[in-house]
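In the working numbering, the protein residues as written are 1 to 148. Using N, Cα and C, we set each Cβ at its ideal position, and we do this for glycine too.
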Amino acid sequence: MDQPVRHPDLSTRPHELTVERVMKASPSLLYAAWTQGLDLWLAVPGSVLMRPAVDEPLYFDTGSPEKRNPHYGRILLLEPNQRIEFTWVTAATEGVETVVAAEFRKQPRGIRLRLRHSGFPTAAIRDLHQQVWPDKLERLDEITSATV
C-alpha cells in the first residue's frame, strides 16, 4: 500500500527565503536541470545520487572536490516542467530538514523561476542561503541558456 509522502513539520522554523529570476530556457529544460543535471550547475560533478521520483532519497555535494559539503534530502513533489520540491539537509541547516521548491512559469519574456527555501532554524542560516541562491540561479541560467 502506498504511504503518503511525509513533509517536514516547519511550524517551529518559520524562516524562509524566496528568490526569483527570469530564465531564458524552456520549462522542460529547467526541470531537467533540476531532476537530472544538478551536477551541471549546483553540485560537485559526479557527486549526485538521485532518481527523480517522489519519496526517493537524494544526495549531492556542493563546494569543491577538495572541500565538499554533503547535502541529503528526499523528493517531495514532481510536476513535470512546472515544479520540483525536495528536502535539503546539510551542516549549514544545523542538520534539520528544510524544503526547497522551484516553480517554472511562462511569462511574456522568458520563464520565471521562483525558488522558495523554507524551514530554516534561524534567520542567520536563512541569510547565509539568501546570499548563495542568486548566484546558483545565475549559473543555472548560463548553463541552460547555452543550449537554447
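Q.
Using a Cβ-Cβ cutoff of less than 7 Å, which residues in the same chain neighbour L140 once the five nearest sequence positions on both sides are dropped?
A. Result list for L140: A33 and W41, in chain order.
(Q) I want to see whether chain E comes within less than 7 Å of K24, judged by CB atoms only; does it? (A) Structure shown: chain E not included; a single protein chain is present.
Q | Close beta carbons around A101, own chain, < 6 Å, minus the five adjacent residues each side | A | Once the five neighbours on either side are set aside, the close Cβ partners of A101 are E85 and R116.
Q) What is the rounded straight-line gap between the Cα of M1 and the Cα of L78? A) Confidence at M1 is low in this model, with a pLDDT of 45, below 50, so the placement of that residue should be treated as unreliable; the coordinate-derived value is given next. CA-CA distance, M1 to L78, rounds to 20 Å.
Q. For G119 versus M23, is the C-beta distance shorter than 7 Å?
A. No; because the gap between Cβ atoms is not below 7 Å, this pair is not in contact.
Q) Since L10 and V89 are thought to touch, with beta carbons under 8 Å apart, how far apart are those beta carbons, to the nearest angstrom? A) Going by Cβ atoms, the distance from L10 to V89 rounds to 13 Å, so no, they are not a contact pair.
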